[in-house]
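Protein chains in written order, with our numbering: chain G, 259 to 430; chain R, 68 to 169.
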């Protein structure tokens, strides 16, 4: 039962990843990438890592992909954007990802219908993760926060409107 | 006992990692390269989760959390760089960035 779901979800993940790297349009690729991330979230759930599954959906498929959408939208301007919007609203672009999403949704319904964990055993719940995270791994948490701060500062400086380049190539 | 064989989970993570690597090597669009990098990071996270689930330990999920923070920081800086590249060269083609000064 869990094994069948595992293979179906793996097929969805691999298929959507292949579709992602073969799309010419970045937004089409992004749709398939989100599908791939959601499929891996379902895999985490099947493997008993419920906390990681929730984080995968909220942070990866939610926050990080929104960043990609923002940047892709910022890089399109004017008339080109309107034509692209028209193309994106064609059924061909969203039918594939929607079908894959429906497959994942049906799997979730089946899992919930069977009372949560399916037959995975070895469930590592959020409490165990939290106890380990703030016990032996406390230093790693601090380092991760430093990394995020460095990423924030770097993104702030790179995101400035325009770094002025003089003739000598020096930025001011 | 876990219903899912560990080998199959690791095989899936290897396949996803190789797909992401192919994307990084083949695509020339900076955004697509970053997206393929995401796939690669995600595949390593999957490997950690599979191993953690196999032994019933929380360490796998903690490693996944650290990979998640790494991916978030990397995407923030990478997309900022992509924006700067687009503003200077008006393209996202990675092949444009072949010359160095000095």
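We treat Cβ as the ideally placed atom computed from N, Cα and C, and that holds for glycine.
Go ahead and label residue i buried or exposed: buried means 16 or more other beta carbons lie within 10 angstroms of its beta carbon, across all protein chains shown.
| i | result |
| --- | --- |
| residue 292 of chain G | buried |
| residue 363 of chain G | exposed |
| residue 341 of chain G | exposed |
| residue 74 of chain R | exposed |
| residue 400 of chain G | exposed |
| residue 81 of chain R | exposed |
| residue 383 of chain G | exposed |
| residue 308 of chain G | buried |
| residue 395 of chain G | buried |
| residue 95 of chain R | exposed |
| residue 300 of chain G | buried |
| residue 68 of chain R | Confidence in residue 68 of chain R is poor, its pLDDT being 43 and thus under 50, which makes the residue's placement unreliable; the coordinate value appears in the next sentence. With fewer than 16 Cβ atoms within 10 Å of its Cβ, residue 68 of chain R is classed as exposed. |
| residue 430 of chain G | Its pLDDT being 45, under 50, residue 430 of chain G is placed unreliably in this model, and the value from its coordinates should be taken loosely. That one is exposed. |
| residue 102 of chain R | buried |
| residue 321 of chain G | exposed |
| residue 330 of chain G | buried |
| residue 164 of chain R | exposed |
| residue 72 of chain R | exposed |
Starting from residue i, trace the alpha helix (DSSP H) both ways and give me its first and last residue.
| i | result |
| --- | --- |
| residue 102 of chain R | 97 to 122 |
| residue 286 of chain G | 284 to 304 |
| residue 381 of chain G | Looking at the DSSP string, residue 381 of chain G is not in any alpha helix (DSSP H), and its letter there is neither H nor E. |
| residue 314 of chain G | Where residue 314 of chain G is concerned, there is no enclosing alpha helix (DSSP H), given that its DSSP letter is neither H nor E. |
| residue 372 of chain G | No alpha helix (DSSP H) contains residue 372 of chain G, which DSSP labels as neither H nor E. |
| residue 75 of chain R | 73 to 93 |
| residue 265 of chain G | 260 to 280 |
| residue 408 of chain G | 396 to 416 |
| residue 158 of chain R | No alpha helix (DSSP H) holds residue 158 of chain R; DSSP gives it neither H nor E. |
| residue 330 of chain G | 323 to 332 |
Check each candidate in the options and name the one with the smallest Cα separation from residue i.
| i | options | result |
| --- | --- | --- |
| residue 328 of chain G | G:285, G:359, G:348, G:296 | G:285 |
| residue 78 of chain R | R:156, R:132, R:117 | R:117 |
| residue 173 of chain R | R:159, R:150, R:168 | For residue 173 of chain R there is no data in the structure shown, the boundaries of chain R being 68 and 169. |
| residue 261 of chain G | G:385, G:406, G:365 | G:365 |
| residue 418 of chain G | R:162, R:165, R:167, R:153 | R:153 |
| residue 388 of chain G | R:115, R:71, R:129, R:99 | R:129 |
| residue 288 of chain G | G:297, G:277, G:298 | G:277 |
| residue 146 of chain R | G:409, G:263, G:259, G:264 | G:409 |
| residue 137 of chain R | G:402, G:347, G:397 | G:402 |
| residue 393 of chain G | R:135, R:144, R:125 | R:125 |
| residue 105 of chain R | G:345, G:357, G:311, G:326 | G:326 |
| residue 290 of chain G | G:302, G:315, G:304, G:273 | G:273 |
| residue 270 of chain G | G:279, G:302, G:359 | G:359 |
| residue 162 of chain R | R:83, R:71, R:100 | R:100 |
| residue 109 of chain R | R:72, R:142, R:123 | R:142 |
| residue 263 of chain G | G:361, G:405, G:294 | G:361 |
| residue 310 of chain G | G:386, G:351, G:411, G:371 | G:386 |
| residue 323 of chain G | G:355, G:348, G:281, G:295 | G:295 |
| residue 127 of chain R | G:315, G:414, G:332, G:306 | G:306 |
| residue 370 of chain G | G:406, G:304, G:390, G:414 | G:304 |
| residue 318 of chain G | R:151, R:121, R:112 | R:112 |
| residue 316 of chain G | R:123, R:122, R:139 | R:139 |
| residue 415 of chain G | R:144, R:72, R:93, R:167 | R:144 |
| residue 283 of chain G | G:411, G:333, G:391 | G:333 |
| residue 381 of chain G | G:413, G:302, G:265 | G:302 |
| residue 350 of chain G | G:412, G:281, G:398, G:391 | G:281 |
| residue 413 of chain G | R:132, R:133, R:135, R:150 | R:150 |
| residue 134 of chain R | R:86, R:91, R:107 | R:107 |
Using a beta-carbon distance cut-off of less than 7 angstroms, what residues from the region 379 to 399 of chain G approach chain R?
Under the 7 angstroms Cβ criterion, the region 379 to 399 of chain G contributes 379, 380, 382, 386, 387, 390, 391, 395, 398.
With 8 angstroms as the limit, tell me which residues of the region 125 to 136 of chain R have their beta carbon closer than that to any beta carbon of chain G; keep them in chain order.
So the list reads 125, 126, 127, 128, 129, 131, 132, 133, 135, 136, given in the order they occur along the chain.
If contact means a Cβ-Cβ distance below 7 angstroms, which residues of the region 265 to 278 of chain G contact chain R?
Cβ contacts with chain R: 268, 271, 272, 275, 276, 278.
Can you give me, in chain order, the residues of the region 286 to 298 of chain G that have a beta carbon less than 9 angstroms from any beta carbon in chain R?
With the criterion set as a beta carbon lying under 9 angstroms from some beta carbon of chain R, the members of the region 286 to 298 of chain G are 287, 288, 291, 294, 295, 298, in sequence order.
Which residues, taken in chain order from the region 96 to 107 of chain R, show a beta carbon closer than 9 angstroms to some beta carbon of chain G?
Per Cβ criterion, the list reads 96, 98, 99, 101, 102, 103, 105, 106.
Of the residues that make up the region 136 to 156 of chain R, which ones have a beta carbon closer than 8 angstroms to any beta carbon in chain G?
Cβ contacts with chain G come from 136, 137, 138, 139, 140, 141, 142, 143, 144, 146, 147, 148, 149, 150, 151, 153, 154, 155.
Report the residues of the region 346 to 372 of chain G with a CB closer than 7 angstroms to any CB of chain R, ordered along the chain.
So the list is empty, because no residue satisfies the distance condition.
The region 80 to 97 of chain R: positions lying closer than 8 angstroms to chain G by Cβ:
When CB distances to chain G are screened at a threshold of 8 angstroms, the residues of the region 80 to 97 of chain R falling below it are 82, 83, 86, 87, 89, 90, 93, 94, 96, in chain order.
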